[in-house]
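Sequence lines, in order, name chains A and B.
This note's numbering numbers the first residue of the first sequence as 8 and each following residue consecutively.
This note's numbering numbers the first residue of the second sequence as 8 and each following residue consecutively.
2 protein chains.
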Amino acid sequence: MVDVVRTKKPSVHKRHPAGGAPTAPHSADEARRVDASEPRIDVAAVTELLLGTWAQARREAREMIKDEAFWQIPGQSMAEHRERVLGQLHRFVEAGAAGRAFPVEHGGQNDNGANLASFEELVLADPSMQIKGGVQWGLFGSAIQQLGTAKHHARWLDDVRTLTLPGAFAMTEMGHGSDVAAIGTTATYDPDGDEFVIHTPFRAATKEFLGNAARHGRAATVFAQLITGGVNYGVHCFFVPIRDENGDDLPGVTSEDDGVKGGLNGIDNGRLSFDHVRIPRGNLLNRYGDVDAAGVYSSDIPSPGRRFFTMLGALVQGRVSLDGASTTGAALAEYIAITYANQRRQFDSGVGTDEVVLLDYGKHQRRLLPRLAQTYAQFFAHDQLLRRFDGVFSGASDTPDEREDLETLAAALKPLSTWNALESIQECREACGGAGFMAENRLVGLHHDLDVYVTFEGDNNVLLQLVGKRLLSDFAAQFTDKDAAALARYAVGQTAGRIFHGAGLRRLGQAVTDFGSTARSVELGLRAEQQHELLAGRVEQMVTDVATALRPAAKLSPADAATLFNEHQTELIEAARAHGELLQWEAFAEGVAGIDDAGTRQVLTWLRDLFGLWLIEKHLAWYLMNGRLSAQRAASVTRYIDRLCARLRPHAQDLVDAFGFAPEHVRAPIASGAEQQRQDEARAYYAALAASGQEPVSEKTLRKQKR
Amino acid sequence: MVDVVRTKKPSVHKRHPAGGAPTAPHSADEARRVDASEPRIDVAAVTELLLGTWAQARREAREMIKDEAFWQIPGQSMAEHRERVLGQLHRFVEAGAAGRAFPVEHGGQNDNGANLASFEELVLADPSMQIKGGVQWGLFGSAIQQLGTAKHHARWLDDVRTLTLPGAFAMTEMGHGSDVAAIGTTATYDPDGDEFVIHTPFRAATKEFLGNAARHGRAATVFAQLITGGVNYGVHCFFVPIRDENGDDLPGVTSEDDGVKGGLNGIDNGRLSFDHVRIPRGNLLNRYGDVDAAGVYSSDIPSPGRRFFTMLGALVQGRVSLDGASTTGAALAEYIAITYANQRRQFDSGVGTDEVVLLDYGKHQRRLLPRLAQTYAQFFAHDQLLRRFDGVFSGASDTPDEREDLETLAAALKPLSTWNALESIQECREACGGAGFMAENRLVGLHHDLDVYVTFEGDNNVLLQLVGKRLLSDFAAQFTDKDAAALARYAVGQTAGRIFHGAGLRRLGQAVTDFGSTARSVELGLRAEQQHELLAGRVEQMVTDVATALRPAAKLSPADAATLFNEHQTELIEAARAHGELLQWEAFAEGVAGIDDAGTRQVLTWLRDLFGLWLIEKHLAWYLMNGRLSAQRAASVTRYIDRLCARLRPHAQDLVDAFGFAPEHVRAPIASGAEQQRQDEARAYYAALAASGQEPVSEKTLRKQKR
């Protein structure tokens with residue numbers, strides 16, 4: 008392809024075809040050539056670490072989706088995409104991968120952890136497949152399994168597992184999403200027919216956004232207000248057939264198609280409404296509440312509130328799996344963007360060398376490396392969440408406290424990881440420029456599909472508010488009634504500490520060290536223990552501050568109390584976010600602590616530090632205002648991050664390689680090495696041109712010669 | 008639809024069908040009923056203000072696109088979408104709206120401001136149409152107009168305007184996007200044939216991401232290294248025919264299709280490569296550089312660097328129009344989300360009233376209202392940019408200084424407004440929950456389409472770096488050589504001020520007032536002048552800091568100097584961002600200053616304050632570290648924002664109504680009033696049920712009665 012005769016090298020920019028990088032080493036190998044003591048991660052070992060407790064299940068899922076039949080086809084029409092994804096789920100069944108969490112007697116493996124772990128990996132093939140599978144087995148199937156009893160399992164679980172009975176999970180309504188307790192659909196018991204009458208009393212009570220509702224579902228698990236004997240016993244779940252063998256709506260059922268969405272268009276989301284649809288009494292999924300033939304209601308859980316939350320809690324796996332899937336999605340985006348950033352060159356450095364590799368730019372490191380650290384933290388935090396989930400659902404540690412902790416943990420982590428995924432994917436897409444906007448390079452598709460993860464299975468802000476309330480009640484539990492005075496003193500002490508923040512500064516001994524040699528003192532003062540102290544201290548104080556601000560509520564009218572609460576809603580949500588960040592950091596720190604290999608531990612410690620410092624930098628104003636960091640130390644946080652980025656830069660490729668993705672999982676041409684190949688070709692062209700003596704001289708050089 | 012017999016109201020949550028809002032007034036009307044002195048904006052007058060200098064052109068464009076033939080159809084296949092958009096451009100021509108910036112003698116109106124203004128409005132119909140029109144008239148056409156001379160205008164402009172000659176703008180290559188100077192395509196003059204030979208010497212030199220290249224383009228304006236007589240004169244632009252009448256590639260030309268993208272799929276982006284394609288010498292667009300028949304090069308601009316930047320600068324209109332279009336796109340998203348937030352209710356407040364309207368939640372106000380303020384600022388800033396653009400391109404104020412200022416202003420504003428658009432659209436999408444994810448509600452489509460605005464027509468980070476360099480050179484220009492000592496003293500003074508930040512605090516007299524009554528003192532200390540001082544002071548100091556940090560570069564080796572610069576790249580980009588934010592704030596303040604109506608001025612002053620305080624809050628850590636705000640004042644910034652949000656809450660609907668969108672521009676069912684209608688129906692149902700005496704009692708009430 009090199010044409011040395013007719014065209015000539017533009018020497019506006021000097022190029023040295025064999026030139027080295029103008030800045031730091033590009034790989035751990037290069038770094039070791041400069042300094043033999045440079046640590047290096049054991050890539051394979053880190054892959055195992057990230058795959059976590061259910062590594063084998065994940066490996067099997069990844070192996071399965073190497074088959075291109077599972078891959079998303081960008082630009083496929085909605086109708087074709089829907090059929091393709093349905094077919095993928097059938098293949099999934101054939102591979103024996105479906106319904107692993109189901110009881111052994113119904114073809115499952117009763118393995119909750121492995122089930123979610125393998126399911127999360129499907130995001131690499133096509134998030135539509137992941138979520139449609141989640142609807143079928145994780146929501147529709149789980150509702151039958153968790154809210155139903157043995158007779159329901161016997162009747163339906165096998166067909167659910169094998170996809171013989173595709174179903175919808177009909178909880179959300181047009182009028183009520185996050186506030187499930189307020190749904191309008193009714194299930195009124197009619198003792199004459201021994202039936203429940205499922206009814207949609209007004210348009211806003213139409214079931215909405217349900218996967219499988221527009222086309223493929225044959226039945227639905229419908230949440231409705233259970234009414235019997237003139238009493239409303241609150242929301243319960245009912246098994247309701249919706250389509251016949253031909254796929255036509257059954258009498259009284261109306262389905263509608265939601266049409267095109269922002270992503271996940273391989274799923275046939277739609278609406279369902281019911282016009283006095285009669286179902287047998289036995290179709291009430293009656294694990295937590297039952298109605299006898301005479302219409303008498305009974306439940307093992309007397310409190311309607313606790314019963315409601317127990318039923319919802321049984322469905323927590325959706326949130327757990329989104330935490331894992333969004334982490335894997337972000338990791339894929341980072342693999343693509345960092346691999347490209349290690350090959351793509353743009354602008355020469357003005358010092359007569361080759362053009363600069365993107366990842367050598369300070370800004371580019373800043374854009375990508377902290378997000379990589381965040382994703383590592385999420386892998387570790389997710390494995391902890393999954394172990395807790397498995398413990399509760401396997402029965403090994405199924406106590407009310409453990410259930411509550413699991414729900415709180417899922418509610419804290421899912422918002423952070425789903426938002427982080429969107430932000431990371433977007434940053435990766437922008438970091439790849441126009442190439443990042445091409446569908447073939449995956450990044451835009453990941454963003455489109457994962458977009459809705461931040462508002463479904465619990466709106467992120469609503470979930471964080473739940474976490475915040477839990478933090479408040481834990482906080483209040485520390486103080487018995489007679490300790491109210493102590494609480495008041497504590498609160499005052501905190502406020503005083505904030506106003507006269509000398510005390511806060513002394514806690515970290517900054518006043519002394521800050522005026523010494525900066526680089527060393529700052530690293531001494533921002534190591535693991537201090538990061539932990541800063542992150543944990545922030546959660547404590549934020550919760551204390553909100554609790555203190557809300558104390559007067561007890562003496563106010565309900566309306567004024569609601570107003571007061573509303574005024575502090577943002578702070579409460581921020582406290583919950585801080586709590587989630589702390590948990591992620593702690594999980595990362597625990598993960599690193601368990602590593603034996605010195606090189607791996609060193610590099611991952613840097614990455615953990617980068618994550619911690621990045622969190623602290625995000626909230627730097629808070630630390631300053633609250634006297635937790637001096638202005639000097641705060642300024643050094645940013646410099647320390649820059650230094651950590653530079654240190655980690657040669658390890659960036661190792662760190663994304665450790666995600667363990669095969670080419671069949673990545674599939675993005677820009678991360679395939681094609682860019683490097685094109686550059687090599689261009690470089691060879693210019694080299695041959697220079698060697699030929701036919702290279703045109705640049706106008707600038709010419710002008711200099713003339714002068 | 009109300010069925011009072013068979014179903015009963017779920018009274019888990021109490022509802023008062025006629026209940027009022029639990030918190031603040033929802034509209035300016037309601038607010039006035041509470042307090043007659045409440046100001047109110049004159050909605051129509053604000054619409055005029057926002058439409059700006061070329062209001063008439065914008066109104067005409069908006070009127071035209073009320074025709075549904077111009078609307079995007081979500082989910083349409085790429086092939087159909089491409090043909091539809093091409094058809095829309097033909098309609099645009101028929102409406103006489105195309106090529107308004109072209110010379111009168113070629114069917115245009117020589118009206119640069121009106122041309123861009125009307126073009127920007129097309130984003131409301133379909134961003135693909137806006138951008139494909141931009142490719143045809145703003146890039147391909149502008150290249151001929153701005154870089155060509157009278158003979159080129161006479162030959163092609165009429166056909167370009169009427170779309171008889173659709174064309175591509177072939178600047179970017181696979182290997183080089185932002186770094187245009189380094190492109191590989193060559194145009195070698197062959198005196199024997201009096202022709203230029205256009206050639207793609209290697210794969211990376213393939214022209215890439217070009218609208219109209221995959222299908223519709225018949226010619227392209229191709230940027231290539233001009234080589235004649237063995238000398239490379241740098242990048243010039245050439246008119247190159249690429250397809251014949253049948254739409255087939257001409258000999259030597261190879262076109263490829265980029266396929267599906269993250270958005271803008273109504274545009275046929277593709278690649279072009281050239282295998283020794285011969286074009287007449289006259290096809291060089293020779294306004295800034297020419298070659299005679301003997302192959303002798305000549306130019307009015309002797310410096311190759313200045314010539315290059317002059318040619319690129321002539322194409323600044325792309326950036327200008329993206330600033331406007333992304334502002335309008337963000338405004339549409341905010342109209343949809345705020346209108347919905349004013350109707351949608353979720354969760355009762357626990358005080359026996361109706362469910363709470365979303366916009367009454369403190370967090371929801373916090374999510375949406377500062378972004379609304381941002382968009383207002385952008386409208387004002389954009390009108391200033393457009394006036395400057397019109398001044399230069401109409402010739403009214405076409406000086407080198409004005410051109411440079413225009414380019415810097417466009418480079419500062421385009422990154423901010425395009426990023427803000429993406430962030431605002433995403434926040435709006437999330438604020439609408441699942442409904443926000445439905446394509447029919449527009450938000451996801453806007454995000455998909457506008458995504459690439461942040462990296463095309465100049466990558467945002469690269470543009471900000473350009474602005475940063477300009478700021479540095481302006482800064483350096485203040486100090487002549489002999490003033491180097493003064494600069495050094497200045498820098499030292501700054502650093503000292505940062506370490507001992509008592510001085511900084513005194514500047515705003517905070518040390519005294521901060522310990523007084525908070526609410527009043529903070530507002531006194533954070534009004535317009537102080538906002539301006541804080542924002543402007545930050546730009547000054549950031550530039551000074553970077554300049555100081557880079558001073559040693561002069562004494563370093565080129566490699567070490569490049570390393571030093573790279574270490575401060577992020578700071579330089581942040582300084583440029585601060586500069587852009589200051590310009591937006593100033594434009595908003597100037598806009599408000601010109602308002603006569605007292606009510607309008609008051610409300611827009613609050614909105615301007617919200618914008619200013621929001622910017623200050625974003626950078627609060629910087630203000631604290633640099634001693635520009637005390638911890639107490641910094642803490643009050645957040646409280647002040649909360650208060651401003653509460654004050655503006657009743658005006659939110661007026662403020663988005665003032666964008667002046669007709670239902671044909673909005674088209675989102677959730678912003679159509681359908682939500683309100685559904686709620687009214689539900690409310691009527693429950694009211695009728697209560698009146699009928701058939702309402703089921705809640706289990707909770709029952710249990711209380713039993714006790």
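Using N, Cα and C, we set each Cβ at its ideal position, and we do this for glycine too.
Quick one: does residue i have its CB under 8 Å from some CB of chain A?
i	result
A695/B	no
Q686/B	yes
F444/B	yes
Y647/B	no
F126/B	no
R210/B	yes
T502/B	Because T502/B sits at a pLDDT of 38, beneath the cut-off of 50, its placement in the model cannot be relied upon, and the following sentence gives the value as read from the coordinates. No, no contact with chain A.
R373/B	yes
S459/B	According to the sequence shown, residue 459/B is Val rather than Ser. Cβ-Cβ to chain A under 8 Å: yes for V459/B.
Q712/B	no
Could you work out which residues of chain B lie near residue i, taking near to mean beta carbons separated by less than 8 Å?
i	result
H184/A	Per the sequence shown, residue 184/A should be read as Gly rather than His. Going along chain B in sequence order, the residues near G184/A (Cβ under 8 Å) are Q353, G440 and G441.
H455/A	G269, V451 and H455
Could you list which residues in chain A have their beta carbon closer than 7 Å to that of residue i, in chain order?
i	result
D466/B	G440
L541/B	Simply none; closest approach about 14 Å.
G532/B	Correct list: empty, because the minimum Cβ distance to chain A is about 16 Å.
I need the boundaries of the beta strand (DSSP E) containing residue i, first residue and last residue.
i	result
K214/B	K214 to L217
Would residue i count as contacting chain B if we go by Cβ distances under 8 Å?
i	result
Q576/A	yes
M632/A	yes
F77/A	no
N573/A	yes
F666/A	no
Give me the DSSP bridge partner(s) of residue i.
i	result
V204/A	T195/A and R285/A
F316/A	Bridge partners of F316/A: none, in fact.
D466/B	According to DSSP, which records beta bridges pairwise, D466/B is partnered with nothing at all.
Considering residue i, what are the terminal residues of the alpha helix (DSSP H) in which it resides?
i	result
G241/A	From DSSP, G241/A is part of no alpha helix (DSSP H) but of the beta strand (DSSP E) over V238 to P248.
T555/A	A535 to L557
What do you reckon, is the C-beta of residue i under 7 Å from a heavy atom of the ligand ADP?
i	result
R656/A	No copy of the ligand ADP occurs in the structure displayed, which carries no ligand at all.
Taking Cβ-Cβ distances shorter than 7 Å, what residues in chain B pair up with residue i?
i	result
I260/A	According to the sequence shown, residue 260/A is Val rather than Ile. Within chain B, no residue comes near V260/A; the closest Cβ sits about 16 Å away, beyond 7 Å.
Could you list which residues in chain A have their beta carbon closer than 8 Å to that of residue i, in chain order?
i	result
V704/B	G237, V238 and N239
G369/B	N573, E574, H575, Q576 and T577
Please compile the residues from chain B whose C-beta is within a distance smaller than 9 Å of the C-beta of residue i.
i	result
L627/A	L627, A628, W629, L631 and M632
N427/A	By Cβ distance, chain B contributes nothing, its closest Cβ being about 14 Å from N427/A, past 9 Å.
A689/A	G182, G191, P208, F209, R210, A211 and A212
Taking residue i as the query, report the chain E residues whose CB atoms sit under 7 Å from its CB, ordered along the chain.
i	result
I580/A	The structure shown contains no chain E; the protein chains it does contain are A and B.
For this session: Tell me, please, whether the region 162–175 of chain B touches the region 202–211 of chain B by the rule of three or more beta-carbon pairs shorter than 8 Å.
Result: No, because fewer than three Cβ pairs between the region 162–175 of chain B and the region 202–211 of chain B fall closer than 8 Å, the two stretches do not touch.
For this session: Taking 8 Å as the threshold, find out whether the region 292–312 of chain B comes into contact with the region 146–166 of chain B through three or more Cβ pairs.
Result: yes
Exercise. Does the count of Cβ pairs from the region 120–130 of chain A and the region 61–73 of chain A closer than 8 Å reach three?
Worked result: yes
Exercise. Does the region 624–637 of chain A touch the region 616–630 of chain B, meaning 3 or more C-beta pairs lie closer than 8 Å?
Worked result: Counting Cβ pairs under 8 Å, three or more are found: they touch.
For this session: Determine contact between the region 438–450 of chain A and the region 323–343 of chain A, defined as no fewer than three beta-carbon pairs at a distance below 8 Å.
Result: Short answer: they touch.
Exercise. At a cut of 8 Å, does the region 241–259 of chain A reach the region 270–287 of chain A through at least three beta carbon pairs?
Worked result: yes
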